[in-house]
Amino acid sequence: MNCWICENNGSTGEHLIKKSDLKSLFGHVSQTSPLYLHTKKDKNVKLKSIKKDPRLKSDAPMCGPCNNSRTSKFDRAWGKLSNYLLQKSPPIKKGDIIKLEKVFPGSVKISMLRVHLYFVKLFGCAIVENKVSIDIDQFRKSLLNEKSVKNVYLAFWESNGVDTGYSDMEVESIEGKCVYAAWFYTVGALSVLVIYATPSERRLGQVDSWHPLTITKRVKIGGKIKT
Ligand SMILES: [Zn+2]
Numbered sequence: 002m003n004c005w006i007c008e009n010n011g012s013t014g015e016h017l018i019k020k021s022d023l024k025s026l027f028g029h030v031s032q033t034s035p036l037y038l039h040t041k042k043d044k045n046v047k048l049k050s051i052k053k054d055p056r057l058k059s060d061a062p063m064c065g066p067c068n069n070s071r072t073s074k075f076d077r078a079w080g081k082l083s084n085y086l087l088q089k090s091p092p093i094k095k096g097d098i099i100k101l102e103k104v105f106p107g108s109v110k111i112s113m114l115r116v117h118l119y120f121v122k123l124f125g126c127a128i129v130e131n132k133v134s135i136d137i138d139q140f141r142k143s144l145l146n147e148k149s150v151k152n153v154y155l156a157f158w159e160s161n162g163v164d165t166g167y168s169d170m171e172v173e174s175i176e177g178k179c180v181y182a183a184w185f186y187t188v189g190a191l192s193v194l195v196i197y198a199t200p201s202e203r204r205l206g207q208v209d210s211w212h213p214l215t216i217t218k219r220v221k222i223g224g225k226i227k228t
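Our numbering applies: residue 2 is where the sequence shown begins, and numbers increase by one.
Written out as structure tokens, the structure is:
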């Protein structure tokens, strides 16, 4: 199996939820204090280790260097932002304005590009794994060249704080080609809405969403419209 990013041989598998996100929420996971995984397929699967359990990893093939050295900067940038947002007191809520300069003093642009690329990596894994009809080439090239993907947006939402993990991906296609796809990455009080939208698609979720070409150094915390 060839790595979907660099196309070289070798396979590891990306963690579906960042290890440090799981650790900050659940503490140490072990044989005596296990974590339980719920997915559509399985309920109450006992996990003994965050690091080693294959059920927390994507099936998309990735080589060691792409999973580690090439993308560790992206993982670290996300780790810093998620830490900041999750440790805020009082907890983040819809309508809050986050000043990114406070999270990444003097390096908002490059750091937020790396946050974007962290989700491009996860999104790419999900596209490969689920065979979604999105051109994966732009995802691989953006990771190899550290450039943004034009159609990928992130929105930061207040979550219900109940589920941690991935949502299923919502996919809309026109004539077999995906024009819009979205999924949530939820950890504690925070949900990241990850959106792929072609220029013809403008959706509600994109309001206040963030893209590396955005000039602003602030993000507004979004959330579900309460009916
Ligand atoms: Zn690779």
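Virtual Cβ for every residue (Gly too), placed ideally from N, Cα, C.
Only buried fits Arg-71, as 16 or more other CB atoms lie within 10 angstroms of its CB. With contacts defined as CB atoms closer than 8 Å, Arg-141 and Lys-74 fail to qualify as a contacting pair. Annotated as proximal: Arg-219 and Ile-98, with beta-carbon spacing under 8 Å. Here Cys-179 is bridged, per DSSP, to Ser-174. Listed in chain order, the non-local C-beta contacts of Leu-155 below 8 Å within the same chain comprise Val-116, His-117, Phe-120, Val-193, Leu-194, Val-195, Ile-196, Ser-210, Trp-211 and His-212, local neighbours out to five positions each way being set aside. The DSSP-derived three-state label of Arg-219 is strand. Straight through space, the alpha carbons of Ile-128 and Thr-187 are spaced by roughly 18 Å. The residue from Ala-182, Met-63, Glu-202 and Tyr-85 with its alpha-carbon nearest to that of Lys-122 is Met-63.
Taking non-hydrogen atoms of ligand 1 into account, the C-beta of Cys-4 is found less than 7 Å away from one of them. Taking one beta carbon from each stretch, the stretch 87–104 and the stretch 163–181 have fewer than 3 pairs nearer than 8 Å; the two do not touch.
Put simply, of Leu-214, Trp-158, Cys-179 and Asp-136 the residue whose alpha carbon is nearest the alpha carbon of Leu-205 is Trp-158.
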